[in-house]
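Here is the structure we will look at, set down as C-alpha cells.
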Amino acid sequence: MSVAGSSLVVSGFIAFMGIITAEVLHPNYSTRQDISDLGSTRPPNPIIHEPSATIFNSTMLVTGALVLVAAYFLFRAVDRRGFPVALAIFGASIFGVGVFPGNVTPWHGLFALLTFFTGGITVVLSSRVVSRPFSVLCGLFGGLSLLVLVSVFFYGLVVGGPHPLAFLGSGGIERWVVYPLVLWILAFGGYLLGLAGTDAASS
2 MSVAGSSLVV SGFIAFMGII TAEVLHPNYS TRQDISDLGS TRPPNPIIHE PSATIFNSTM
62 LVTGALVLVA AYFLFRAVDR RGFPVALAIF GASIFGVGVF PGNVTPWHGL FALLTFFTGG
122 ITVVLSSRVV SRPFSVLCGL FGGLSLLVLV SVFFYGLVVG GPHPLAFLGS GGIERWVVYP
182 LVLWILAFGG YLLGLAGTDA ASS
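In our numbering, the protein residues as written are 2 to 204.
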C-alpha cells in the first residue's frame with residue numbers, strides 16, 4: 002500500500018505543478034483554452050510553445066507512469082480487481098496524452114477522451130474499496146467529473162445549444178472534468194499511505 006500511495010501522491014503533485022508551470026511559461030495562455038493546448042494546439046495550424054510543450058507532455062508521461070505503478074501494486078493487494086484494472090487503463094490513457102500531443106490526430110483526442118471517461122469511472126469504483134466518509138467523497142468527485150463530461154456531449158449532440166458552463170470556455174469546462182480526478186489521485190494516495198501506516202503500527 003505504501004508504494005501505491007506514494008506513487009499516487011507524487012503523480013498528483015506532478016500533474017498539478019506541471020500544468021501550472023506550463024501555463025505560466027506559455028505566452029498569452031488562458032485557462033479558457035483546452036489544457037492540451039499547453040502541449041500543442043490542434044491542426045491544421047498547430048501552435049507549440051517551448052518550454053511549455055515539453056513540460057506538459059513530460060508531466061503527462063510521468064503522471065501516467067506513476068498511476069500505472071500504483072495500479073500494479075493495488076492489483077496485488079485488493080480483492081476487487083476491477084478497480085486496479087480501471088486505474089491501470091486510466092494511467093495508460095494519461096501516458097498516451099503525453100505520447101500524442103494535440104497536433105497528433107486522432108490519437109490525442111482518443112486518449113484524452115479515454116482519460117476523462119476511465120478517470121471518472123475509476124474514481125467512482127474506488128468508493129467500493131474505501132471506508133466512509135471517504136467513499137462518499139470518491140463517489141462525489143467521480144460523479145461530478147462524469148456528469149460534466151456527459152453534459153458536454155448531451156448539449157452538443159442532443160440539445161444543440163450552449164452548455165450551461167459555456168461562460169468558462171472549453172478549458173474551464175474541461176477543468177471541471179479533470180481537476181476532480183487529480184484531487185482524487187492526491188486524496189486516495191494519502192488514504193493508502195494512512196492505511197500503510199496503520200498496518201505498520203499494528204504489526
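No residue lacks a Cβ here, since even glycine has one placed at the ideal position from N, Cα and C.
Residues in the same chain with beta-carbon distance under 6 angstroms from residue i, minus the five sequence neighbours each way, listed in chain order, please.
i    : result
V130 : V79, R81, F84
Please classify residue i: is it buried, with 16 or more other beta-carbons within 10 angstroms of its beta-carbon, or exposed?
i    : result
I36  : buried
S132 : exposed
V125 : buried
Are the beta-carbon atoms belonging to residue i and residue j less than 9 angstroms from one another?
i    : j    : result
V10  : G172 : no
P47  : G99  : no
L184 : F142 : yes
A72  : V63  : no
L67  : S31  : no
M61  : G19  : yes
Relative to the alpha-carbon of residue i, which residue among the options has its alpha-carbon at the smallest distance?
i   : options          : result
V70 : P134, F96, G170  : F96
S53 : I174, S41, F112  : S41
F91 : F112, F101, G120 : G120
N29 : S12, M18, I49    : I49
I15 : R43, L26, F57    : F57
Please report how far the alpha carbon of residue i lies from the alpha carbon of residue j, in whole angstroms.
i    : j    : result
R176 : R77  : 32 angstroms
F117 : S128 : 18 angstroms
V105 : L169 : 26 angstroms
A89  : G162 : 35 angstroms
D38  : H164 : 21 angstroms
H27  : T199 : 43 angstroms
Only counting the same chain, and skipping five residues up and downstream in sequence, which positions put a Cβ closer than 8 angstroms to that of residue i?
i   : result
R33 : L169, G170, S171, G172, G173
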